[in-house]
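As structure tokens, the structure follows; a few thoughts come after it.
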Amino acid sequence: MATLGMAGGALLLAPGSAQAVPSFARQTGMACEACHTVFPELTPFGRRFKLNGYTIDNLPQVSGMNANKDQTLALNQLPPLSFMFQTSYTKTKTAVPDSQAGVIPPGGTAAPVSADALAKNGQVLFPQQASLFYAGRIAPNFGAFVQMTYHGTAGTFGWDNTDIRYARAVNDKFLWGLSFNNNPTVQDLWNTTPAWQSPFDQRSATAPGPSATTMIDGGLAGAGVAGLSIYGSWNDSIYVELGAYRSAPAAAQIDSTSANVVSGMAPYWRLAYERQWGRSSWEAGLYGIDAKLYPGGGNALSGPTNHYRDWAIDSQYQYIGDEHMISVLATYISEKQTLDASYGVLGTAANPTNDLKTARIGVNYYYHRRYGGALGYFSTTGSADSGLYAPAPFTGFANNKPDSKGWTAELDWVPYENTKFALQYTNYSKFNGGSTNYDGTATPDHPGRNASDNNTLYLLGWINF
């Protein structure tokens, strides 16, 4: 099932995008460009650094040994701490509805806000996000990327992207490791999977977004999960990972008030092949998750579940030259839904089975790592379902379809390796199933909301130190 009703909350609660942090540069003694083309996109060396558990270092150590001369402590003298600050400006073609539109005030002592009232357009967030990181080596073979973030839209501070690793090289060809993380694909090495795909990794926190998403594309992360996986890499070319996720909402007891609660474990898998030659690299892979979820949201966590089978294919090409850098990144996700709970018990779905498909492709170009641009196309399509995709003001589906399509264009200026300014425009040709009156609210005096009304201009300032 698409994540409906919780889509806005998922944007606030799901891990955000940040992977390049200065503490990694201090630990390795290398500039940010060793691991990143332009953050957060990884280079081949950056992928190896992550694969090795963030443990490569070039700093003086505080060491300890026991009587048998076994190492008991190995800490960097400089703590691997970093800070990130983002500020943004967002303007949509047409302002979004006022949150109190049509609401009658308590007691009826004041006139209700007009049903056609709009919020102020041109939203400044200062900050959009502010994050503190522990990012680097913990001990021999142990490392972590742990992010805590203040979200300007929600006014809350909590856990964000987290990837804690153990890695060990068996020989110069084979390495294996463990990853404990809080978002399927946040541990991935390539910028094709949902957590890190460029140029879709940075989006406005206040602009409207399509309501239907697959579980692996933010649905599980928005509900709150924790997972453990084991991975292996052979000859820096073959990568295999197997893992599983359980529900782990932040600061919440898991009960009938929770939404989309995992029944047991949700298996996750990843297979990829990478080839490097000269200044180029190419990757092709598969990934997926199989999750049985209790809908919750006021319903007991027992009985039938909704079953989501997500599988995906991805590919990435990189050219990293002295002057020019080009990346092409693509993914296609297919989700099969068997809705035994929503259809068979609750009656909130009109179909016993549905499908949902997402495709994204992006192209990035940078000159001297300072001036760049990106262009991306995105599409989500799926089964019509009058229960899951019903008409409603602003967020509804007049055609009972989850389809959304459009493109994103971005211009970037990176004056320093830890500073980035971006100007982004997102254009929708279809939104929540329609191009015109997509929410089904049109009247003789009100045209309803069109997909193009959600076209968004977004300016972002991003610094890491």
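Numbered per the working numbering, the sequence shown spans residues 736 to 1200.
Ideal Cβ placement from N, Cα and C applies to all residues, glycine included.
Given the structure is predicted, the values throughout are model-derived calculations rather than measurements.
With 16 as the cutoff for other CB atoms within 10 Å, does residue i come out buried or exposed?
i: A874; result: exposed
i: K785; result: buried
i: R1014; result: exposed
i: T1178; result: exposed
i: G1141; result: buried
i: H771; result: buried
i: D1045; result: buried
i: T949; result: buried
i: P1182; result: exposed
i: F880; result: buried
i: I1055; result: buried
i: R1010; result: exposed
i: I951; result: buried
i: W1012; result: exposed
i: Y1208; result: Nothing can be reported for residue 1208, as the shown portion of the chain is limited to 736 through 1200.
i: E1070; result: buried
i: K908; result: exposed
i: G1169; result: buried
i: Y1151; result: exposed
i: Y789; result: buried
In whole angstroms, what separates the C-alpha of residue i from that of residue j?
i: R1105; j: W1148; result: 6 Å
i: F1156; j: A854; result: 26 Å
i: W969; j: Q1051; result: 19 Å
i: Q988; j: M883; result: 21 Å
i: K1027; j: F820; result: 37 Å
i: L1158; j: E1145; result: 6 Å
i: Y1163; j: T1176; result: 19 Å
i: A1019; j: Y1008; result: 6 Å
i: T941; j: T1116; result: 23 Å
i: N1199; j: N1099; result: 21 Å
i: E687; j: N1089; result: The structure shown has nothing for residue 687, since the chain only spans 736 to 1200.
i: F713; j: A1085; result: Outside the displayed span of the chain (736 to 1200) sits residue 713, for which this structure offers no information.
i: V960; j: S1139; result: 26 Å
i: L1110; j: F915; result: 33 Å
i: N995; j: V1080; result: 15 Å
i: Q863; j: V905; result: 43 Å
Which residue marks the beginning of the beta strand (DSSP E) containing residue i, and which one marks its end?
i: P815; result: From DSSP, P815 is part of no beta strand (DSSP E); its letter is neither H nor E.
i: P847; result: It is not in any beta strand (DSSP E) - P847 carries neither H nor E in the DSSP assignment.
i: L1036; result: No beta strand (DSSP E) contains L1036, which DSSP labels as neither H nor E.
i: Y974; result: 973-982
i: D1147; result: 1139-1151
i: G1175; result: Neither: G1175 is in no beta strand (DSSP E) and is coded neither H nor E.
i: R1005; result: 1001-1012
i: G1183; result: G1183 -> no beta strand (DSSP E), and no H or E assigned at all.
i: F1166; result: No beta strand (DSSP E) holds F1166; DSSP gives it neither H nor E.
Determine the extent of the alpha helix (DSSP H) in which residue i is found, giving its start and end residues.
i: A958; result: 955-958
i: G781; result: 779-786
Throw me the rounded Cβ distance for the residue i and residue j pair, which I believe falls under 8 Å.
i: N1185; j: T1161; result: With 8 Å as the limit, N1185 and T1161 do not qualify as a contact, their Cβ atoms being about 15 Å apart.
i: Y824; j: G857; result: 7 Å
i: S998; j: Y1043; result: At roughly 11 Å, the Cβ-Cβ gap does not stay under 8 Å, so S998 and Y1043 are not in contact.
### Task
Could you tell me which uninterrupted beta strand (DSSP E) segments, each at least 3 residues in length, are contained entirely in the segment 1044-1123, listed from first to last along the chain?
1059-1074, 1088-1102, 1106-1117
### Message
In chain order, what are the residue ranges of uninterrupted beta strand (DSSP E) at least 3 long that sit wholly in the segment 866-923?
### Response
877-886, 891-904, 909-916
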